[in-house]
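Undergrad:
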Amino acid sequence: MSAPETIAIVTGGSRGLGRSTVEALTRRGVYSIFTYHSNTSAAGEVTRSVERLGARVRAVQLDTGDIHAFPAFVEKIRNTLAEWNAENFNYLVNMAGTSQNGLFGEVTEEDLDAAYRIHVKGPLFLTQSLLPLIADGGRIVNISSGLTRFAYPGRIAYASMKGAVEVMTHYMAKELGTRRIAVNTVAPGAIQTDFSGGVVRDNPDIARHIAEATALGRPGLPDDIGPMIASLLSEDNRWINAQRIEVSGGQAI
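Counting with the working numbering, you get residues 789 to 1041 for the letters of the sequence shown.
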């Protein structure tokens, strides 16, 4: 087969915002390698969805909080690229993450360490590990949260790590600029997914509160985010770099 023009890696691509991103990239003709943590059924659903659209896709199991797994993962990426007659990939979306809940007075050392491992340490070292394979002129999107701008009780560990992601993005953009690699942060607001136990999707009172606090009058949906990320990665937005872009419908303004 001939080499695809554009290849993306999306971590956490089997559900929610990650799945929406993979599917939005597919509609733009981008081939995707996405990771999943443990839900092989969900990963299979995404794979079939992409293949129905006529694109190449590969699902790879990875715990993005386990940096010791990264060398084997990089080797799998090399092998997949070779199968697709490509030497490099173009886009990296560091989407994978989990929710950490707990009031300031209740947060434990274990809570904070877990949040750091998954949201800061993992994306930093995974990106570092993949740098030899990302094409010059490529693009990286790190995922933050609206919670770095507005505060809701019980999210201090999670939001603090996302604040670190935003600073990390600035430094990545500065240091990778010599390779013409643009690095940006996307910060979603409250989205109706299974994240954090599906609290925004499944709790009518919380959904109503979010709607009332959002200028556009509703909580977000996965497809409010995935297509935006796909657009940000495209040539249309090639001159956007080192930015935090909040995608929240105007939540808490």
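All C-beta atoms, glycine included, are put in the ideal place defined by N, C-alpha and C.
According to DSSP, simplified to helix, strand and coil, what is LEU850?
TA: Counted from its first residue, the sequence shown places residue 850 at position 62. Here LEU850 sits in coil by DSSP.
Undergrad: Tell me, please, whether the region 921-929 touches the region 1000-1012 by the rule of three or more beta-carbon pairs shorter than 8 Å.
TA: The region 921-929, when compared against the region 1000-1012, does not touch it at the 8 Å Cβ threshold.
Undergrad: Taking the Cβ atom as the reference point for each residue, do ILE1033 and THR973 lie within a distance shorter than 8 Å?
TA: Here residue 1033 refers to the residue found at position 245 when the sequence shown is read from its first residue. Here residue 973 refers to the residue found at position 185 when the sequence shown is read from its first residue. Yes. Within cutoff.
Undergrad: The alpha helix (DSSP H) with THR973 in it runs from where to where?
TA: Along the sequence shown, one-based indexing puts residue 973 at 185. From DSSP, THR973 is part of no alpha helix (DSSP H) but of the beta strand (DSSP E) over 970-976.
Undergrad: I'd like the span of the alpha helix (DSSP H) that includes ALA1047, first residue to last.
TA: Nothing about residue 1047 can be reported from this structure: the residues present for the chain run from 789 to 1041 only.
Undergrad: Reducing DSSP to helix, strand and coil, say where GLN1031 ends up.
TA: Here residue 1031 refers to the residue found at position 243 of the sequence shown. In the structure shown, GLN1031 sits in coil (DSSP, three-state: anything other than H, G, I, E or B).
Undergrad: Within 10 angstroms of its Cβ, does TYR959 collect 16 or more other Cβ (buried), or is it exposed?
TA: Reading the sequence shown from its first residue, position 171 is the one you call residue 959. By the neighbour-count rule (16 or more Cβ atoms within 10 Å), TYR959 is not buried but exposed.
Undergrad: How would you write the range of the alpha helix (DSSP H) that SER917 sits in, first residue to last?
TA: As a first step, residue 917 must be located in the sequence shown, where it is residue number 129. Segment 910-918, the alpha helix (DSSP H) holding SER917.
Undergrad: Check this for me: beta carbons of PRO1010 and ALA995, under 8 Å apart or not?
TA: What you label residue 1010 is simply residue 222 of the sequence shown in a count that begins at 1. What you label residue 995 is simply residue 207 of the sequence shown in a count that begins at 1. No. Outside cutoff.
Undergrad: Please name the residue in ALA939, PHE913, GLU954, ARG967 whose C-alpha comes closest to that of ILE922.
TA: One-based indexing of the sequence shown puts residue 922 at position 134. Checking every option, the nearest Cα to that of ILE922 belongs to ARG967.
Undergrad: Can you tell me where the alpha helix (DSSP H) holding LEU805 begins and where it ends?
TA: As a working note, residue 805 is residue 17 in the sequence shown. Looking at the DSSP string, the run of the alpha helix (DSSP H) that includes LEU805 is 804-815.
Undergrad: Starting from LEU935, follow the beta strand (DSSP E) in both directions and report where the run begins and ends.
TA: Numbered from its first residue, the sequence shown carries residue 935 at position 147. Unbroken run through LEU935: none, as it is neither H nor E.
Undergrad: Quick check on DSSP: helix, strand or coil for ILE1013?
TA: Indexing the sequence shown from 1 puts residue 1013 at position 225. In this structure, ILE1013 counts as helix in the three-state DSSP scheme.
Undergrad: Which residue marks the beginning of the beta strand (DSSP E) containing SER820, and which one marks its end?
TA: As a first step, residue 820 is located in the sequence shown; it is residue number 32 there, counting from the start. Residues 819-824.
Undergrad: Is the beta carbon of PHE855 less than 8 Å from the beta carbon of PHE913?
TA: On the sequence shown, position 67 is the one that residue 855 refers to. On the sequence shown, position 125 is the one that residue 913 refers to. For the record, residue 855 in the displayed sequence is Ile; it is not Phe. Yes, Cβ-Cβ distance for ILE855 and PHE913 is below 8 Å.
Undergrad: Enumerate in chain order the residues of its own chain whose CB-to-CB distance from GLY804 is below 8 Å, with the five nearest sequence positions on each side excluded.
TA: Taking the first residue of the sequence shown as position 1, residue 804 is located at position 16. Here the set comprises ILE979, THR981, ASP982, PHE983, PRO1010.
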